[in-house]
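First up is the structure itself, then whatever we jot down about it.
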Amino acid sequence: GIQVEQSPPDLILQEGANSTLRCNFSDSVNNLQWFHQNPWGQLINLFYIPSGTKQNGRLSATTVATERYSLLYISSSQTTDSGVYFCAVESWAAGNKLTFGGGTRVLVKP
Amino acid sequence: NAGVTQTPKFQVLKTGQSMTLQCAQDMNHNSMYWYRQDPGMGLRLIYYSASEGTTDKGEVPNGYNVSRLNKREFSLRLESAAPSQTSVYFCASSVGWGLAAIGGNEQFFGPGTRLTVL
């Protein structure tokens with residue numbers, strides 16, 4: 638099946654810093670989502686971005702489908718950005734079911 | 003709109019007991035999903051229902067059964083719980099499985115059920 642790898646696995650940031658999270662995938666996809674899992678376990682939809690670039694406040698995401706990767710940018714990080722960020726992809730080869738990466742655990746220190 | 007709701011929030015079972023996890027969505031979505039999340043890992047698909055009246059196995063279906071009761075509700079049943087089923091269970095829904103061209107595959111998740119099997 639399709640493989641999804643996220644890097645780095647862990648990230649510690651000082652409040653106000655910028656960062657980039659990466660998601661690589663092994664096959665063509667027709668859907669890619671970024672989620673934030675907050676410390677209470679809730680999965681929050683960040684982006685639905687099978688290709689192109691989107692921005693939402695301090696967060697933005699870019700997917701380059703032809704090169705099989707996506708990037709999530711966090712600018713001016715805040716303590717509320719702490720949690721785990723997941724990338725999930727859907728492909729025809731996997732029967733249109735979401736496959737999750739292992740996540741990037743982010744800790745933003747005040 | 004409440005979005006996707008799940009009950010119960012927490013549950014402790016003894017090995018061999020059975021239980022049903024309930025999920026409901028009020029977004030008029032066609033497709034619904036059940037995932038499990040083990041510590042330190044991403045989510046894995048257990049079962050899904052592309053539309054009312056259909057269900058299919060996902061990546062880790064063994065030990066589970068599902069029922070798509072109607073368009074709103076999708077339940078997950080553990081017939082004989084085992085310690086390996088200790089996990090957090092998430093339900094999700096999307097507008098339409100296979101409707102990627104119009105964003106139909108964006109999935110929205112419930113708050114999860116934390117299950118411990120002793």
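Heads up: the protein sequence lines correspond to chains X and Z, in order.
So the mapping is simple: our numbering equals the position in the first sequence, first residue as 1, plus 637.
So the mapping is simple: our numbering equals the position in the second sequence, first residue as 1, plus 2.
Glycine included, each C-beta is placed from N, C-alpha and C at the ideal position.
Less than 8 Å between the CB atoms is what I'm expecting for Ser719(X) and Leu744(X), so what's the real figure, rounded?
Correct: roughly 5 Å between the Cβ atoms.
I need the straight-line Cα distance from Thr25(Z) to Thr7(Z), nearest angstrom please.
It should be pointed out that residue 25(Z) corresponds to Cys in this sequence rather than to Thr. Straight-line Cα distance between these residues: approximately 6 Å.
Given a limit of 7 Å on CB to CB distance, which residues of the stretch 711 to 729 of chain X reach chain Z?
Cβ contacts with chain Z come from Phe723, Glu727.
How about the stretch 85 to 94 of chain Z and the stretch 29 to 46 of chain Z: do they share at least three Cβ pairs that are nearer than 8 Å?
Yes, since at least three Cβ pairs between the stretch 85 to 94 of chain Z and the stretch 29 to 46 of chain Z fall closer than 8 Å, the two stretches touch.
Which residue's Cα is closest to the Cα of Val721(X): Ser713(X), Leu735(X), Gly739(X)?
Minimum Cα distance to Val721(X) is reached at Gly739(X).
Beta strand (DSSP E) containing Ala698(X): first to last residue?
696 to 701 is the extent of the beta strand (DSSP E) around Ala698(X).
Taking a Cβ distance cut-off of 9 Å, strictly less, list which residues of the stretch 651 to 669 of chain X are near chain Z, in chain order.
Listed by position along the chain: Asn667, Asn668.
How do the stretch 683 to 695 of chain X and the stretch 656 to 673 of chain X stand: do at least 3 beta-carbon pairs fall below 8 Å, yes or no?
Yes, the stretch 683 to 695 of chain X is in contact with the stretch 656 to 673 of chain X.
For Thr741(X), tell me which candidate among Tyr710(X), Gln692(X), Leu735(X), Trp729(X) has the shortest Cα-Cα distance.
Comparing Cα positions, the closest option is Tyr710(X).
By Cβ distance, which residues of its chain are closer than 8 Å to Ile639(X), with the 5 residues on each side in sequence left out?
Phe662, Ser663, Asp664, Val666, Val726, Ser728, Ala730, Ala731, Thr736, listed in sequence order.
Just to confirm, is the Cβ distance from Leu117(Z) to Phe12(Z) under 9 Å?
Contact flag set, yes.
Alpha carbon to alpha carbon, how far is Lys73(Z) from Leu648(X)? Give it in angstroms, no decimals.
Looking at the two C-alpha atoms, the distance is approximately 41 Å.
In three-state terms, what does DSSP make of Ser714(X)?
DSSP places Ser714(X) in coil when its eight states are reduced to three.
Helix, strand or coil: how does DSSP classify Glu704(X) here?
Of the three classes helix, strand and coil, the one that applies to Glu704(X) here is helix, per DSSP.
Measure from the alpha carbon of Phe110(Z) to the alpha carbon of each residue in Gln674(X), Pro645(X), Asn682(X), His673(X), then state which is nearest.
Here the closest residue by C-alpha is Asn682(X).
Tell me the DSSP bridge mates of Gln668(X)?
What sits at residue 668(X) in the sequence shown is Asn, not Gln. Paired residues: Glu727(X).
On the DSSP bridge assignment, give the partners of Ala94(Z) in chain order.
Its beta-bridge partners are Tyr35(Z), Phe111(Z).
Less than 8 Å separating the Cβ of Ala654(X) from some heavy atom of the ligand FMN?
The ligand FMN is not part of this structure, which contains no ligands at all.
Is Arg116(Z) close to chain X, meaning its C-beta is less than 9 Å from at least one C-beta of that chain?
Output row for Arg116(Z): interface = yes.
Which residues in chain Z sit within 7 Å of Gly738(X), going by Cβ to Cβ distance?
Per Cβ cutoff of 7 Å: Gly44.
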